[in-house]
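Peer 1:
Numbering (the numbering used here), first residue to last: 17 to 354.
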């Protein structure tokens, strides 16, 4: 039995090593121009005097995002955002709207929030966001975000949220579903000024939250993922806290959740406000069952040279969590009931 388990773990480590090599190869394949576009964004008017926002279905351009949203009314449509740095924001009250970058990584919303909330405020049926960058979001209540989800479903792909109080913040909407794929969250969160903490991602009581193949890094306070959703899925993502400041948990399932956390890579840094666990379940209450919550196939480490006791999964619910094999570094206990 021990030999069989060791063989399985060896195969798992070999597979993860191959996946890491593939990730490095994929990064190397990105054109240098695209990388430069993300680190050194352009600003000013769209190329060739084109309007910043175009409704794809009609071809009509608009100078203000809100005008483009209003033109769709209660209908559905796609708003293409031209390359540039736009100090603009919009509120979507109706419909199903897709916001897509004309060139991924080069359409940047910078520092402007609507209703003292976010660059995009969502109250319609659904919002799809593809290839956009959100940065420098601030609000009077210290919850400035790239996206504020108040109603409906949200899908985010290949987006970058950085240098803001929060990346995405949602209200409680138990019928809502969230999907985030291949996106990056950098230097987000805060716990200061005597106000409630902000986080890289903070979801209220949604039906489900799914996060796939995404990166979280250099947090500046709060948790990297905080969720009140009844079902959670976090897979094939990385949480690099090595350069984080006053951060807390990597994943906080605040009131319990079922679902899957698998195939992720976690590194806990030195500068922590709370380093007692990587993943917390039901620390703020037990409103959702965690029976069957599966946490398996993850890798967790402390930064090199750091030695202190911590726990990979801490549970306050007492539910039947399925904690499978995970590769844990020195000083990290597997599980603790609290």
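Don't be surprised by glycine CBs; every beta carbon is placed ideally from N, CA and C. As the structure is a prediction and not an experimental result, all values here were calculated from the model.
Which residue from 322, 258, 348 puts its Cα closest to that of residue 329?
Peer 2: Closest option to residue 329, Cα to Cα, is 348.
Peer 1: Using the beta-carbon count (16 or more within 10 Å), is residue 190 buried or exposed?
Peer 2: Residue 190 is exposed by the Cβ-count criterion.
Peer 1: Roughly how many whole angstroms lie between the Cα atoms of residue 174 and residue 303?
Peer 2: Distance between the alpha carbons of residue 174 and residue 303: 32 Å.
Peer 1: If you draw a straight line from the C-alpha of residue 257 to the C-alpha of residue 89, how long is it?
Peer 2: So the alpha carbons of these two residues sit roughly 42 Å apart.
Peer 1: Would you say the beta carbon of residue 228 is closer than 8 Å to some non-hydrogen atom of the ligand SAH?
Peer 2: This structure lacks the ligand SAH; in fact it carries no ligand of any kind.
Peer 1: Got a sec? Which residues, its chain only, sit under 7 Å from residue 275 by beta carbon, not counting five neighbours each side?
Peer 2: Here the set comprises 247, 248, 249, 309.
Peer 1: Under a Cβ-count criterion, where at least 16 other Cβ atoms within 10 Å of its own Cβ denotes burial, should residue 288 be classed as buried or exposed?
Peer 2: Counting Cβ neighbours within 10 Å, residue 288 comes out buried, since at least 16 surround it.
Peer 1: Whole angstroms is fine: what's the gap from residue 25's alpha carbon to residue 253's?
Peer 2: Residue confidence is low: residue 25 scores 39 on pLDDT, short of 50, so the model does not pin down where it sits. No coordinate-derived value is stated.
Peer 1: What are the residues that DSSP puts in a beta bridge with residue 150?
Peer 2: According to DSSP, which records beta bridges pairwise, residue 150 is partnered with 125, 177.
Peer 1: Using 10 angstroms around the beta-carbon of residue 170, count the other beta-carbons present and answer buried if the total reaches 16, otherwise exposed.
Peer 2: By the neighbour-count rule (16 or more Cβ atoms within 10 Å), residue 170 is buried.
Peer 1: Only counting runs of 3 or more residues, tell me where the beta strand (DSSP E) segments fall wholly within the stretch 86-132, in order along the chain.
Peer 2: 93-97, 100-102, 106-108, 112-117, 123-126, all fully within the stretch 86-132.
Peer 1: If you compare alpha carbons, which of 187, 73, 279 is closest to residue 230?
Peer 2: Ranking the options by Cα distance to residue 230, first place goes to 279.
Peer 1: Give me, in chain order, the residues of the same chain whose beta-carbon lies closer than 6 Å to that of residue 425; leave out the 5 immediate sequence neighbours on both sides.
Peer 2: Residue 425 lies beyond the range of the chain shown here (17 to 354); nothing can be said about it.
Peer 1: Please name the residue in 150, 112, 203, 130 whose C-alpha comes closest to that of residue 140.
Peer 2: Residue 112 is the option with its Cα nearest to residue 140.
Peer 1: Do residue 117 and residue 161 count as a contact pair if the criterion is CB distance below 9 Å?
Peer 2: No, the Cβ-Cβ distance between residue 161 and residue 117 is not below 9 Å.
Peer 1: Return helix, strand or coil for residue 182, following the three-state DSSP convention.
Peer 2: Three-state DSSP puts residue 182 in a strand.
Peer 1: In terms of alpha-carbon separation, which member of 228, 203, 179, 91 lies closest to residue 194?
Peer 2: Looking at the Cα atoms, 228 is the closest of the given residues.
Peer 1: Among the candidates 342, 68, 313, whose CA atom is the shortest distance from the CA of residue 122?
Peer 2: The option with the nearest alpha carbon to residue 122 is 68.
Peer 1: Which same chain residues end up closer than 6 Å to residue 142 when comparing Cβ atoms and leaving out the 5 residues on each side of it in sequence?
Peer 2: Answer for residue 142: 112, 168, 169, listed in chain order.
Peer 1: Using the three-state DSSP reduction, which class does residue 318 fall into: helix, strand or coil?
Peer 2: Strand, per DSSP.
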